[in-house]
Amino acid sequence: MENKKEIIFSGIKPSGDLTLGNYLGAIKNWVKLQDEYDCLFCVVDLHAITVKQIPADLRRRTLEVLSIYIASGIDPEKNTLFIQSHVPAHSEASWLLTCNSYMGELSRMTQYKDKSQKMGESIGAGLFNYPILMAADILIYNTNLVPVGTDQKQHLELARDLGIRFNNTYSETFVIPEAYIPKAGAKIMDLQDSSKKMSKSDTNPNGFILIMDPPEVIRKKISRAVTDNIGVVNYSDDQPGVKNLINILCAIKGITPEEVVKNFEGKGYAEFKNVVADAIVEELTPVQEKVKSLLKDKTYLESIYGKGAEKASYLANKTLRKMKKKIGLIPEAKK
Ligand code: AQP
């Protein structure tokens, strides 16, 4: 009998240009998982529109994110790569789950609380409901594992709760997914304020490094990264800026913080920062070159996301039909 592989689903929203946080916390780890698991990697454009987007930018970024996946080493032949809005089952399943969700549990989501504090009255309903769409994304593929950074753990917990609730209410329908938190790069922090995670929607560009930032910009941002006046490269919570740079270096090089600390004994921050910047530039330059060349071949990209959507739709629709039937909706007339 064929040994069935476990299913992995993950995605990134094209709500801004992707950061080193997205790369080290998500994409770089996905590359390692593709041989062992059946992977679906999605560009979650419907999540991006939970905040205002300029249509032309959204279109550009959606294809850029897909190109970054491929350029980083995600093999489009081995994995299912697709654009979320091309598989309407995500939105339909999301509504079915919305009707089985509570306002209370959604208002407890810290990401919503953070964003709503900044936006006040103008906070969108989409942003409030977004964790349900994320639950639908995951549950309709009977996903076993979801590789996410620690920032997304709470949303995954909600997806599990909604899946369990549906199974208990209507009988076994969904596989209940587990979080797969990477050892390295789980949370890359802002370079200017190490108390918050590096985010693509940040207003201060010195706080993040973009995957597509040119080398000179990367070097400048790292040299400006906030550290402290202790002057010793230590891996300590008392030196959060330095700790973050060590985490970045470890995630890129696959080494431990202890090794980094040992290598920089008796050396200053300037030398340390140069090494970190070099490592980032060396890691991102080949990705950037490949992205630029992929973006010139729109026909190729279309063939990838076309095939991906077809395969994803087939799988998602099977679960969606089950959900509808169990809820009591009449099956569609046979064509
Ligand atoms: N700073 C980070 N460190 C580690 N992992 C990160 N991820 C994002 N930022 C970091 C991981 O990237 C994946 C997808 O992220 P997303 O873009 O869909 O959503 P997000 O987590 O809300 O990312 P941003 O950059 O903070 O987006 P905005 O600013 O638009 O809200 C997830 O696996 C996430 O863990």
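For the sequence shown, the residue numbers in the working numbering are 17 to 351.
Heads up, the beta-carbon is just placed ideally off N, CA and C, and yes, glycines get one too.
| Check | Outcome |
| --- | --- |
| Cβ distance (whole Å) where residue 223 is taken to contact residue 244 below 8 Å | Not really, about 17 Å apart at Cβ, beyond 8 Å. |
| The alpha helix (DSSP H) enclosing residue 266, as first and last residue numbers | 256-269 |
| Buried versus exposed, by CB contacts within 10 Å (16 or more), residue 219 | exposed |
| Helix, strand or coil at residue 195 according to DSSP, with G and I counted as helix | strand |
| beta-carbon residue 35 near the ligand AQP non-hydrogen atom, thresh 7 Å | yes |
| Own chain residues within Cβ distance below 6 Å of residue 260, not counting five before or after | 205 and 210 |
| The ligand AQP heavy atom lying under 7 Å from the CB of residue 145 | no |
| Rounded separation between residue 306 and residue 144 - CA only | 36 Å |
| Distance, residue 312 Cα to residue 171 Cα | 36 Å |
| Enclosing alpha helix (DSSP H) for residue 288 [first to last residue] | 285-311 |
| Cutoff 6 Å; reference residue 265; Cβ partners in own chain excluding five residues on either side | 276, 292 and 295 |
| For residue 36, the nearest candidate out of 249, 228, 286 and 251 (CA to CA) | 228 |
| Rounded C-alpha distance that separates residue 141 from residue 287 | 47 Å |
| For residue 68, the three-state DSSP class (helix, strand or coil) | coil |
| Nearest candidate by alpha-carbon position, reference residue 32, set 65, 160, 165 and 280 | 65 |
| Nearest candidate by alpha-carbon position, reference residue 174, set 139, 127 and 217 | 127 |
| Length of the line joining the Cα atoms of residue 323 and residue 47 | 20 Å |
| Residue 226 in three-state terms, based on DSSP | strand |
| Among 203, 54 and 158, the one whose alpha carbon lies nearest that of residue 190 | 158 |
| Distance cut-off 7 Å: residue 42 Cβ against heavy atoms of the ligand AQP | yes |
| Where residue 341 sits in the DSSP three-state scheme | helix |
| Extent of the continuous alpha helix (DSSP H) run through residue 148 | 141-155 |
| Pairwise C-alpha distance: residue 163 and residue 199 | 11 Å |
| N-terminal and C-terminal residue of the beta strand (DSSP E) that residue 177 is part of | Careful: residue 177 lies outside any beta strand (DSSP E), inside the alpha helix (DSSP H) at 169-186. |
| Span of the alpha helix (DSSP H), counted from its first residue to its last, around residue 277 | 273-279 |
| Run of the alpha helix (DSSP H) containing residue 233, from where it starts to where it stops | 231-240 |
| Alpha carbon of residue 197 to alpha carbon of residue 345, nearest angstrom | 37 Å |
| Distance cut-off 7 Å: residue 279 Cβ against heavy atoms of the ligand AQP | no |
| Whole-angstrom distance between residue 235 and residue 213, CA atom to CA atom | 20 Å |
| Counted within 10 angstroms of its Cβ, other Cβ atoms place residue 188 as buried (16 or more) or exposed | exposed |
| Which residues DSSP lists as bridging residue 205, in chain order | 213 |
| Given residue 104 as reference, the closest of 303, 90, 156 and 121 once Cα atoms are compared | 156 |
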